[in-house]
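Numbered according to UniProt numbering, the sequence shown spans residues 1 to 273.
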Amino acid sequence: MSERVISTGGLTSAERVTGTQSLEKAVDILEYIAAAPRPGVTLAECTGILGFSKATTQRMLLTLTRRNLLHFDEELGVYSLGMLTAKLGSEYLSRLDYRRAALPVLRDLVAESGETAHLGVLSGKDVVYIELVDSPQPIRMFSKVGDSRPAYATAIGKAILAQLPGDVRRTHLPESLSGSTARTITSFEQLYLDLAQTRDRGYAIDDGENREGIRGFAAPIFDFTGNVCAALSVGGPTARLDAEDAKRNFGDLVARAGRRVSSVLGAPEELLG
1 MSERVISTGG LTSAERVTGT QSLEKAVDIL EYIAAAPRPG VTLAECTGIL
51 GFSKATTQRM LLTLTRRNLL HFDEELGVYS LGMLTAKLGS EYLSRLDYRR
101 AALPVLRDLV AESGETAHLG VLSGKDVVYI ELVDSPQPIR MFSKVGDSRP
151 AYATAIGKAI LAQLPGDVRR THLPESLSGS TARTITSFEQ LYLDLAQTRD
201 RGYAIDDGEN REGIRGFAAP IFDFTGNVCA ALSVGGPTAR LDAEDAKRNF
251 GDLVARAGRR VSSVLGAPEE LLG
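Written as structure tokens, this is what we have:
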């Protein structure tokens, strides 16, 4: 059966797209606007992304705006994310049981360490922070819920990657490893060695690999199936987290925290020892 084509009334054949293609283009626009700097994106910029005519692009933007997925600022002439995206995102996050299970543990981590604690999940080749508790200290690691980072260059990402089968792990890595800092691992051989060490000791270390001057430690979280589903971390300025002291104190701290959350989620006993 051929796909139904949306009525396009006067559009060129290049602009006659299926419903699926239109939906994909709409998602492209939402992702582009979400990643764009404030205050937003103009119609002309959106037209360039879609590759449609100005009129076709405007119709799509009007639909997204009418459904509150986008907001149009008439004074500035730019589009930004609408209230419905916040509502949908909030609803999605509220349904993540491990987020609720981890929050009190993150608070305890901050109380014990004095540093910022994160909860993150794997999303494609990135890690996305879905919860965090800030350090009370004025000089600290700054981030926000929804931030994403390359999985291979973060403690949370490496804690998760270390628990995955090799073929699955490879799908969450880019074709090549680029350096965010001078300390980022850029060799697959070195990365796989790091992941093996991570698995053996029970926690991952980000030694300034994602951000200069920031050291982080992360441990995996397992669900009732015994599969890794997330990881939590604690991190802060290297000036406060001396390498050797931090390994002794923070590594064990996050490993215990990871086991606490895993226990709440019903992980098998052999993963909690």
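Don't be surprised by glycine CBs; every beta carbon is placed ideally from N, CA and C.
Nearest candidate by alpha-carbon position, reference residue i, set the options
i, options, result
"Val145", "Thr20, Ala153 and Ala86", "Ala86"
"residue 274", "Val261, Leu81, Arg59 and Ala231", "In this structure the chain extends from 1 to 273, so residue 274 is not present and cannot be described."
"Glu269", "Ala255, Leu191, Ala257 and Phe224", "Phe224"
"Pro220", "Lys158, Pro37, Leu177 and Gly266", "Lys158"
"Pro174", "Ala239, Ser123 and Ile139", "Ser123"
"Ala140", "Tyr79, Leu161, Gly114 and Arg169", "In the sequence as displayed, the identity of residue 140 is Arg instead of Ala. Selected option, being the one with the closest Cα: Gly114."
"Asp200", "Ala44, Tyr98 and Asp252", "Asp252"
"Leu70", "Val27, Arg259, Asp167 and Ser90", "Val27"
"Gly89", "Leu30, Ala153 and Cys46", "Leu30"
"Leu161", "Asp108, Ala101 and Cys229", "Cys229"
"Ser262", "Arg67, Asp97 and Leu23", "Asp97"
"Ser148", "Leu50, Leu272, Ala35 and Asp73", "Ala35"
"Ala44", "Leu23, Arg67 and Tyr79", "Tyr79"
"Glu75", "Thr42, Glu91 and Thr63", "Thr42"
Exposed unless 16 or more other CB atoms sit within 10 angstroms - verdict on residue i
i, result
"Gly77", "exposed"
"Asn227", "exposed"
"Phe222", "buried"
"Gly48", "exposed"
"Gln21", "exposed"
"Ala155", "buried"
"Lys54", "exposed"
"Phe250", "buried"
"Gln190", "exposed"
"Phe217", "buried"
"Arg107", "exposed"
"Asp207", "buried"
"Arg169", "buried"
"Leu23", "exposed"
"Leu241", "buried"
Terminal residues of the alpha helix (DSSP H) in which residue i lies
i, result
"Tyr192", "Phe188 to Arg201"
"Pro104", "Asp97 to Ser113"
"Val168", "Gly166 to Thr171"
"Ile49", "Leu43 to Leu50"
"Ile214", "Counting along the chain, Ile214 falls outside any alpha helix (DSSP H), though it belongs to the beta strand (DSSP E) covering Ile214 to Phe222."
"Gly77", "Taken as a continuous stretch (DSSP letters only), Gly77 belongs to no alpha helix (DSSP H), as it is neither H nor E."
"Ala182", "First-last for Ala182: undefined, no H or E at that position."
"Leu61", "Lys54 to Arg66"
First and last residue of the uninterrupted beta strand (DSSP E) at residue i
i, result
"Leu119", "Thr116 to Ser123"
"Ala204", "Ala204 to Asp207"
"Ile156", "Where Ile156 is concerned, there is no enclosing beta strand (DSSP E), although the alpha helix (DSSP H) it sits in stretches over Ala155 to Leu161."
"Ala267", "Careful: Ala267 lies outside any beta strand (DSSP E) and carries neither H nor E."
"Ala230", "Val228 to Pro237"
"Arg211", "From DSSP, Arg211 is part of no beta strand (DSSP E); its letter is neither H nor E."
"Glu131", "Asp126 to Val133"
"Ser148", "Ser148 to Pro150"
8 Å Cβ cutoff met for residue i and residue j
i, j, result
"Ala255", "Gly202", "yes"
"Gly235", "Thr116", "yes"
"Ala257", "Val105", "yes"
"Pro150", "Asp126", "yes"
"Gly82", "Thr65", "yes"
"Ser187", "Leu177", "yes"
"Thr171", "Glu209", "no"
"Thr238", "Ile214", "yes"
"Val264", "Ala101", "yes"
"Leu84", "Asn68", "yes"
Close beta carbons around residue i, own chain, < 6 Å, minus the five adjacent residues each side
i, result
"His118", "Tyr129, Leu132 and Ser233"
"Glu212", "Thr181"
"Ala153", "Ser180, Thr184, Glu209 and Asn210"
"Leu109", "Ala117, Val234 and Ala257"
"Ala267", "Phe222"
Own chain, CB closer than 7 Å to residue i, minus 5 neighbours either side, in chain order
i, result
"Asp134", "Thr116 and Arg140"
"Arg259", "Leu272"
"Arg99", "Leu93, Leu119, Ile130 and Glu131"
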